[in-house]
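Numbering (full-length UniProt numbering), first residue to last: 1 to 143.
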């Protein structure tokens, strides 16, 4: 059709990310969530900005992550809960020790060196997870 812009080009002009990059972002968010580390809303914006840089597009806007999640039925925003120190005092040491044994076994199995082991601060808490934040999770997740 003469004078009409193809739908693919119209979408490109109206969206920051291509469909492929959007799908990649969704898969990465769901993967992080399945591992127990759902990304914060700001992390989603940073990931999108990184994908935009690969095609020399301008960064996404401040509200972009919220709009993105609203238009993706497989995603949902939630508030993560702050870590309760009093509750931590009551945790089962046997379960904690079992977790650390699992970490040691995985490090041995996959030959993970100390220099490749990061994202833990001096107290052993994963940095940034101790306080509540808005995170992006799988829409099917309960709780």
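Ideal Cβ placement from N, Cα and C applies to all residues, glycine included.
#### Entry: Residue ranges of each alpha helix (DSSP H) within the UniProt domain "HTH CENPB-type" (9 to 78), 4 or longer
Counting only runs of 4+ residues, the alpha helix (DSSP H) found wholly inside the UniProt domain "HTH CENPB-type" (9 to 78) occupies 19 to 34, 41 to 53, 64 to 70, in chain order.
### Query
residue 23 to residue 71, Cα distance in whole Å?
Taking the first residue of the chain shown as 1, we reach residue 23 at position 23. Taking the first residue of the chain shown as 1, we reach residue 71 at position 71. Cα-Cα distance, rounded: 12 Å.
### Query
According to the Cβ coordinates, are residue 39 and residue 137 closer than 7 Å?
Taking the chain shown and counting its residues from 1, one reaches residue 39 at position 39. Taking the chain shown and counting its residues from 1, one reaches residue 137 at position 137. Cβ atoms of residue 39 and residue 137: not closer than 7 Å.
### Task
Select from 77, 108, 106, 20 the residue whose C-alpha is nearest the C-alpha of residue 51.
The residue you call residue 51 lines up with position 51 of the chain shown. Nearest to residue 51 by C-alpha distance, out of 77, 108, 106, 20, is 20.
#### Entry: Per DSSP, cross-strand counterpart(s) of residue 138
Here residue 138 refers to the residue found at position 138 of the chain shown. Among the bridge pairs identified by DSSP, residue 138 is matched with 75.
### Residue closest to residue 77, alpha-carbon to alpha-carbon, out of 135, 31, 59, 117
If you number the chain shown from 1, residue 77 lands on position 77. Comparing Cα-Cα distances from residue 77 to each of 135, 31, 59, 117, the minimum goes to 135.
### Task
Quick one: give me the first and last residue of the alpha helix (DSSP H) that residue 97 is part of.
By 1-based counting over the chain shown, the position of residue 97 is 97. Where residue 97 is concerned, the enclosing alpha helix (DSSP H) stretches over 93 to 109.
### Query
Between the C-alpha atoms of residue 42 and residue 101, what's the straight-line distance to the nearest angstrom?
Position 42 of the chain shown, counted from the start, is the residue given in the question as residue 42. Position 101 of the chain shown, counted from the start, is the residue given in the question as residue 101. Computed Cα separation, rounded: 33 Å.
### Task
Could you check which residue in 17, 99, 63, 141 has the C-alpha nearest to that of residue 54?
In the chain shown, residue 54 corresponds to position 54, counting from 1. The shortest Cα separation from residue 54 among 17, 99, 63, 141 belongs to 17.
### Query
How close, in whole Å, do the beta carbons of residue 45 and residue 69 come, if the pair is a contact with beta carbons under 8 Å?
Residue mapping note: residue 45 aligns to position 45 of the chain shown, counting from 1. Residue mapping note: residue 69 aligns to position 69 of the chain shown, counting from 1. Residue 69 and residue 45 do not touch by the CB rule: their CB atoms are close to 11 Å apart, not below 8 Å.
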